[in-house]
Amino acid sequence: MITTKQRAHLRSLAMKLNPSMQIGKESLKEQSFKQIEDMLFANELVKIKVLKSCDDDVRTIANKVSEFLQCDVVQVIGNVFVVYKRSSKKDIKHIELE
4 MITTKQRAHL
14 RSLAMKLNPS
24 MQIGKESLKE
34 QSFKQIEDML
44 FANELVKIKV
54 LKSCDDDVRT
64 IANKVSEFLQ
74 CDVVQVIGNV
84 FVVYKRSSKK
94 DIKHIELE
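Quick note: the sequence shown uses the numbering used here, first residue 4, plus one each step.
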């Protein structure tokens with residue numbers, strides 16, 4: 004669980020990111036979870052856009068991703084959400100949280 008101060012820091016970093024993935028009409032599938040997990044392993048902070056054609060609510064999708072992958076939802080704004088998970092990958096620059 005991240006603190007409010009850490010969440011604010013992650014939100015400031017997320018502002019500079021473009022969405023790495025789009026979730027469309029078919030909503031979340033097993034392949035979607037695997038793709039998000041791979042992106043979190045490589046980058047730790049991932050921004051995801053939910054298209055208007057998706058039947059599920061953005062917040063619902065963000066919570067499902069958070070529960071399934073054991074990551075933290077940093078923010079949900081409009082049809083975009085950001086998730087964070089500390090990576091165990093050795094050769095990347097990790098995000099420093101105070």
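Yeah, the Cβ is synthetic: ideal placement off N, Cα and C, and Gly gets one too.
Since the model is a prediction, treat every value here as computed from it, not as a measurement.
I'd like to know whether the C-beta atoms of residue i and residue j end up nearer to each other than 9 Å.
i: Arg10; j: Val77; result: yes
i: Ala65; j: Phe84; result: yes
i: Glu47; j: Ile5; result: no
i: His12; j: Leu100; result: yes
i: Lys52; j: Gln25; result: yes
i: Ser23; j: Val49; result: yes
May I ask which residues mark the beginning and end of the alpha helix (DSSP H) holding residue i?
i: Asp41; result: 33-46
i: Ile26; result: Here Ile26 belongs to no alpha helix (DSSP H); instead the beta strand (DSSP E) covers 24-26.
i: Lys8; result: 7-17
If contacts are defined as beta-carbon pairs under 8 Å, then residue i and residue j qualify, I think. What distance do you get, rounded to the angstrom?
i: Lys88; j: Cys74; result: 4 Å
Identify the continuous beta strand (DSSP E) that holds residue i and give its terminal residues.
i: Ile64; result: That residue, Ile64, is in no beta strand (DSSP E); its alpha helix (DSSP H) goes 61-72.
i: Ile80; result: 75-80
In this structure, how does DSSP classify residue i when only helix, strand and coil are distinguished?
i: Lys52; result: strand
Q: Say whether the segment 11-20 touches the segment 51-68, bearing in mind that this needs 3 or more beta-carbon pairs closer than 8 Å, one atom from each stretch.
A: Contact between the segment 11-20 and the segment 51-68 is absent: fewer than three C-beta pairs spanning the two stretches fall below 8 Å.
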